[in-house]
Structure formats: C-alpha cells, structure tokens
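Worksheet: the structure to be examined is printed underneath.
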Amino acid sequence: METAPVTVPVLLPLALPAPYDYLVPDGARVEPGQFVVVPLGPVHYIAAVWRRPEGEEPPKIARKKLREIVEILDDVPKLPTVSLDFADWVSNYTLTSPGMVLRMMMSARSAFEPPAPRYGVRLSGPPPERMTPARARVLEAAKNGLSWVKSSLAEAAGVSPSVIDGLVDAGTLVAEPLPDWHAMPLDLARKRATLNPEQTEAATELLKHTGGGFAVSLLDGVTGSGKTEVYFEAIAQCLERGQQALVLLPEIALTGQFLARCEERFGARPAEWHSGVSPSMRGRVWRAVAENKAKLVAGARSALFLPFPDLGLIVVDEEHDQAYKQEDRVAYQARDMAVVRGHLGHCPVVLSSATPSIESLVNADQGRYRHIRLGTRYKAASLPAIQTVDMRKNPPERRHWLSPVLIEEMAATLERGEQVLLFLNRRGYAPVTLCRKCGFRFECPNCSAWLVEHRFRHRLECHHCGKFMPIPHECPSCGAEESLVACGPGVERIAEEVAEHFPEARRVLLSSDLTPSISELRETLREIEEREVDIIIGTQLVAKGHHFPGLALVGVVDADLGLAQGDPRAAERTFQLLSQVTGRAGRDAIKGRGLIQTYMPEHPVIAALVAGDRDTFLDREIAARRDAGLPPFGRLAAILVTAGSREAAEAYAREVARAAPEAEKIQVLGPAEAPLSVIRGRYRFRLLVKATREADLQTYLRVWLAQAPKAKGDIRLTVDIDPYSF
Ligand code: ADP
Ligand code: ZN
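Each residue of the sequence shown is one higher than the one before, counting from 11 in this note's numbering.
As structure tokens, this is what we get:
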C-alpha cells in the first residue's frame, strides 16, 4: 500500500487566493516560516512554507499531480510564527491575497541570496611616503581604529574612493572581511536626559504599560514637549529586557535627526528601513532583524512587515500622519496594523503625536488606549503665538502671494538674526498655466488634472502620473507667442518672491521633487539646524517633526488650500498639518510665532488654531463623525472600479452595486466618480460601503464580491478598507 505523500502548504508571493500544497523531498523536514524554492508552471519562486489551518486535512491530490519543493533555503532565516499570524490577519482584514502580504514581507531581495562578502579598511601600517591633503584627511578620519566600509570612509573624509585604494596599496590601510552585521554596543543609561516633572510623570505612566505584554498608549503632547525623550525611556526599557524595538516615522526626511538623537541616547545608531536604503543594505537589515541581531529599527510604514522574532515595543511617531496609509497594492493603515502586530506578538505599542488622529483619541476616550498627555513645552519654550492675516484686508501686490504684514514680520525676524519658515503645500511654480489670448489651459492627457509648471526644471508636469513636457514658447491652441501665464502659486514661485524681497538672506527651498537624495536632504536639514540658512521655503516635507532651534516665525502662505477639498477629513487633516508646521517655531530659547494667511479667518479650523483650542475643535469634529456614523463610530470600505473607458467603468460599477446583498447594518453608496476621475488614462468610479461597528464588514464584502459579476477585459476592482478620504 502506498503511504500518503508528505505535503506542506507553501505560500507564493503572488496574488493567489491561498497556499498551494507541495511534496516535501524524501528525508527532508520543513517547518512553517521556512523559505523554499517551488515551481509554478515553468517558473521557480522563492516562497514560504505556511501552515494548515487547525483541523484541516491535507488535500487529497494524486501523487503524480503534486510537484516537489526544489530547494530548502536553509541559509535564510525563517519567518517567525508571529509573522505568519500577522500576514494571515492582514490578508483577511484588507481582503488581499496572503501572497501579496508575504511579498511585502520579502521586500528585501538580497536577503534571499548568499550575502556577498564585505571588506572594511582600517589604519594599521606606517604613513605613506607621499602625503597629500586628501590622504591626510583619510588618516584623520580613520584614526579611531575602527574598520570602515570603504565608501563611508571616503564620504567621511570627503575624498574619492580611489584615495582609499591608494592607501591600501601603500600598506597604510589594511582591508579585512567585515561581519554581516555589527551588533550594536548599546549604552542604555549613558546619555539619559533629566526629565522635568511633567515628563517624569508621563514616563512613569508610560512605563507601566510598556513593561511587557500588549497595551496601547497614546502619548499626546504639544510640539516640543519632549515626547521623544519620554518614549526613549520605553525604548531603553525594552532594550534592557533584551527585546527588539521598532520606531515608525512618517517621513524619511525625519530619520536623520532621529538617528542622531538615538545615537546620542543609546550609543548606537538604529538600523534604517525605508525606500532610501540600498538594496544590499536592505538585505542585511532584513537578516539582522530576523536573526534578532538588529535590536533597534527606525523605518517607514513597511518596517512593520520585517520578521522580528522578539519584538518588545512598537512606537508610531506622528501617528496621525497620512503617510501611514498605503493605498496601492495591499491597502493598509500602518498605525492600525501596528496595534494588530502588537496584539499578535504580545507587545506594547506607543502612538505619539501633538495632534492625534480622531480614531486614536476616541479609542483613548473609550478606554481602549491609555491617554498620556504633555501640556507644556520643555524648559522655557512656550507654544508659538498664532495669528491670522486676513487676506481680504491685506492683499499682496498683483501676482504676488505674501501680504505686506507677513513681509514686515519676516524682515523684523531676520533683523533679530532668527529664522523664518514659509509653508505652502504645493510643489512646483504654478498649479495652472493658461494662454492669455485664447484661454487654453494645459491639462494632463492621461488624468483629470492640470499640468503643474516646474520652472526650475523647465517643464510642465502631472502630479498624478508623472507625465511631463517642456514649457512651450507658443500656445499649442492658438499659436500666440509669449501668451502663456502661470496662475496661482507653488513653492518655487514663493521662493522667487522671497528672493525679490530679501535678496541678501540665505534661502533654501525644500520640496520632494527638488531634493535628489536623502543624504543631500539631511545635509540641508543640518544646515538649517545650525542656522546657516535664514529663510526656509517648503512643502509638507518641512512641516513635520523637525527641531530647528533658531526658527522663530512660520508663515503659512495659503491656509485655505486643504480646506477646499470636500471630504469630511479635510478639517482634521488641515488642523493637524497647520499645528505641526506652526509648531516648528520657537522650540528652543526663541519665542515663536505663526502667521496664517487666509481668506476665511472665521473658519472653525483657523479659529481653533489661533485660540490654541484643540479640544473644542476636536469635540465638535468627533460629534459630527458620531452623528454621521463615520469612522471611528462606523466602518468604511471603498470599492474602486477603474477602466480604460468611462462607460465601461461606470457600467461595471453599477453592476457590482446591484449585486450588493441586503444587510441591516450595511449601506452601499454610489457609484460616483472618484475624487480624481481619471488617472493614467483610467476612469475611476467609487462605491462607499458604510457599516456600523458591529457589522462584519469583511464577510459581507467577501460574499458580495464572490457573487458580483467578474470584472472583464481591462476593468479592475480594488477594495480599500478604512480609506483615508471619504
Ligand atoms: P516632541 O517630540 O514632543 O516634539 P522633543 O522630544 O523633540 O519633543 O523635544 C524637543 C526638544 O527639547 C528637543 O531638542 C529635546 O532634545 C529637548 N528636550 C526635551 N526634553 C528634554 C529633557 N528632559 N532634557 C533635555 N532636553 C530635552
Ligand atoms: Zn497625468
């Protein structure tokens, strides 16, 4: 009698509904979480051994139909059980295939290849016979006796790598193999800050909930109150237990300052995880995390999917930030998934913000999260005084955007040797370009959007699909020459206006499209910190989390910009953004001020900012959400249908809507044109599914979509649970 073949479920990193069964090679043993190579059709994939749900029998498949695992990747650390739990949970919740979640977990390709040997260089021999200034700088930098990666030594010394090669040839430097990962020599008590009484109280309370086991704390403190110092105590506590700690940050631009602060506090730099990290470094970080060698990790939202075997703390800094919501591929909200990951891994979670999300505040009110507040700035620093500039009464010059009041304040601030930040959340030079003769406007051929002029890069560009064209000399419609005019401001145009008024000032323009590399961005931020810059003009890149000690005045060029957007979250988002950006001012010894240019100073968001009355504003927002049954009092999902033709998209969206089952606690709204009705040549229709908190939204959607007509041809349907905009 033939014995039943030994098979295991294997999850491939593809959009498949479930794991597939594969034969285990004779005599081999595999465990869940182990990486293997399996064939699918003619292709081999790296995949992960998964688990069979409890009580489920292996499927009865004839041996000859089964395919065998080709290779067991013993050298690759396996996924810890909690990663498998997390992948299944996220897949279930977001209604995406588990394979796509696994794919996010495997996003460091080089982790699956044998690590390339690395060499470091160290000072060991006599000085070279021929000494040059460049060589002298290298010797100075390498004096500490450490083994350096060649490129970082070259960077530290400001020389080209060939100078290093020359010194190796001369026998002054030796090259030696480096370990894969330097275990961090932590020094947890060394640079501990002396907390003030309010911070001490907050830290004591926080440490009660981060001592081990799952609990969520909302660290809610005004900008500059020392939230980072307070949660550093929880990190130290976690590292002392020997566990791993993860800090999520919304913006790569923030990591530089954060890494430096960690280094000062803990004596070692955290491992970094974000899109700016090189592929080989990603592989090394991934392995070091999986092998429990990387103890402290700072990263973007995707760091949540790293294979931590012993995670003892997750901090979500600036937890309200929109950047935590991923919308493409697997649509997830990293702040919420951090809480899930914490729950599954019995690990405490800290959410930190000066302007917490309504979701987190309601969770705190209802007792699910500990609410820990810090009401004052550290030391003598007080919160900036915020005033509006009523643009109806203080109009700027024609085709200018800075009011006389703001310009005067800027001049006075610069006079005192203090810094100014002007904030406008709009990249480029002008949002619309039109022909003065015939009224023609440049529109993106692929999207329902105007082309934005980027004067520094001499082009018109679509912010949705990236399409661009050179700025023409004549109108493409009527042929008139020199008739094109830029309408409205972008940061580039504000920079131009600032140069007109303050030609002597040292100015810097910060916008994600103008900052080519992270190291250059970090360098600019350091210059600002060290007061080598007088005026900073920037988009939201500079709004968040930075600590600029010399910054006294923040001018918001157009506070009404975000409020014009129609969705119910616009008020919350604008309040958060403007509090954050004005909160950059006066964080140290200097008194800070915020000047907000607006045409509607009586708007509740603006009024709350000026009065410094967050709670009244939020109470009203929360009440409105409750009345409307909107999150967090109800649940939402968005179903997006896209197609190459408007008719096809709309017709299919209607068919899907008609197939929606009746349910007491669930309402289907739409379809309606999505807020941006065309992107990349694809027409977009949206259905909103609104449910009470008790409703099982996922099951409802699964049943519905299984019975809805299938999308044919180029039509696509995607589901976004907890959409950011609604
Ligand atoms: P937040 O995260 O709340 O915006 P930070 O933790 O960045 O505040 O603190 C603001 C500034 O004050 C930082 O430069 C920080 O180093 C400093 N600071 C805060 N608390 C202390 C403290 N107890 N001792 C020394 N410096 C502190
Ligand atoms: Zn476009």
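Cβ coordinates follow ideal geometry from the N, Cα and C atoms, glycine included.
What does the Cβ neighbour count give for residue i, buried or exposed, with the cut at 16 atoms within 10 Å?
i	result
Met141	exposed
Met11	Legend: pLDDT at Met11 = 47, less than 50; position of this residue unreliable, value from coordinates given subsequently. Result: exposed.
Ser170	exposed
Tyr710	buried
Gly109	buried
Ile396	buried
Ala225	buried
Ala28	exposed
Tyr800	Lying outside 11 to 736, the shown extent of the chain, residue 800 is not represented and no answer is given.
Ile71	exposed
Thr398	buried
Asn373	buried
Asp179	exposed
Gly223	exposed
Thr210	exposed
Thr182	buried
Determine the contact status of residue i and residue j, defining contact as a CB-CB distance below 7 Å.
i	j	result
Pro19	Asp31	yes
Leu432	Gly252	no
Pro480	Arg465	no
Cys485	Phe450	yes
Val688	Cys457	yes
Lys447	Cys488	yes
Asp338	Pro260	no
Glu186	Gly135	no
Val360	Leu535	no
Val699	Ala634	no
Leu697	Pro681	yes
Ala212	Val240	yes
Pro394	Thr592	yes
Met115	Phe268	no
Please identify the residue among the options whose C-alpha is closest to the C-alpha of residue i.
i	options	result
Leu461	Lys75, Arg446, Val564, Tyr439	Tyr439
Glu738	Ile382, Ser522, Arg446	No answer is possible for residue 738: the residues shown for the chain start at 11 and end at 736.
Val415	Arg426, Lys403, Glu514	Lys403
Thr423	Pro189, Gly65, Gln677, Gly604	Gly604
Lys160	Asn154, Val173, Ile417, Lys153	Val173
Ile725	Ala661, Ser93, Val713, Ala255	Ala661
Leu323	Leu640, Ser493, Ala562, Ala244	Ala244
Arg387	Met115, Tyr693, Gly596	Gly596
Ala459	Lys477, Leu83, Val620	Lys477
Ile545	Arg636, Gly560, Pro49, Pro685	Gly560
Gly619	Ser363, Thr584, Val40	It should be pointed out that residue 619 corresponds to Leu in this sequence rather than to Gly. That would be Thr584, whose Cα lies nearest to the Cα of Leu619.
In terms of residues, what are the limits of the beta strand (DSSP E) holding residue i?
i	result
Gln429	429-433
Tyr734	No beta strand (DSSP E) contains Tyr734, which DSSP labels as neither H nor E.
Gln708	Premise fails: Gln708 lies in the alpha helix (DSSP H), 707-717, not in any beta strand (DSSP E).
Ile600	No beta strand (DSSP E) contains Ile600, which DSSP labels as neither H nor E.
I need the boundaries of the alpha helix (DSSP H) containing residue i, first residue and last residue.
i	result
Phe478	Counting along the chain, Phe478 falls outside any alpha helix (DSSP H), though it belongs to the beta strand (DSSP E) covering 478-480.
Trp460	Where Trp460 is concerned, there is no enclosing alpha helix (DSSP H), given that its DSSP letter is neither H nor E.
Glu660	656-668
His443	One detail in the question is off: residue 443 reads as Thr in this sequence, not His. That residue, Thr443, is in no alpha helix (DSSP H); its beta strand (DSSP E) goes 442-445.
Cys272	262-276
Gly109	108-115
Thr525	Taken as a continuous stretch (DSSP letters only), Thr525 belongs to no alpha helix (DSSP H), as it is neither H nor E.
Ile546	First-last for Ile546: 545-548, but that is the beta strand (DSSP E), not the alpha helix (DSSP H).
Glu425	414-425
Quick check: what's the CA-CA separation for residue i versus residue j?
i	j	result
Arg128	Val666	55 Å
Ala599	Leu628	30 Å
Gly51	Val80	13 Å
Arg145	Phe558	35 Å
Glu419	Gly602	12 Å
His54	Leu33	15 Å
Glu533	Gln336	28 Å
Ser120	Pro87	13 Å
His219	Ala203	21 Å
Glu4	Asn435	The structure shown does not extend to residue 4, since the chain spans only 11 to 736, so no value can be given for it.
Val47	Phe122	11 Å
Arg645	Glu683	21 Å
Ala333	Glu502	23 Å
Ser529	Ser655	43 Å
Pro441	Ala313	34 Å
Could you tell me whether the Cβ of residue i comes closer than 7 Å to any Cβ of chain D?
i	result
Val552	In summary, chain D is missing from the structure at hand, where a single protein chain is found.
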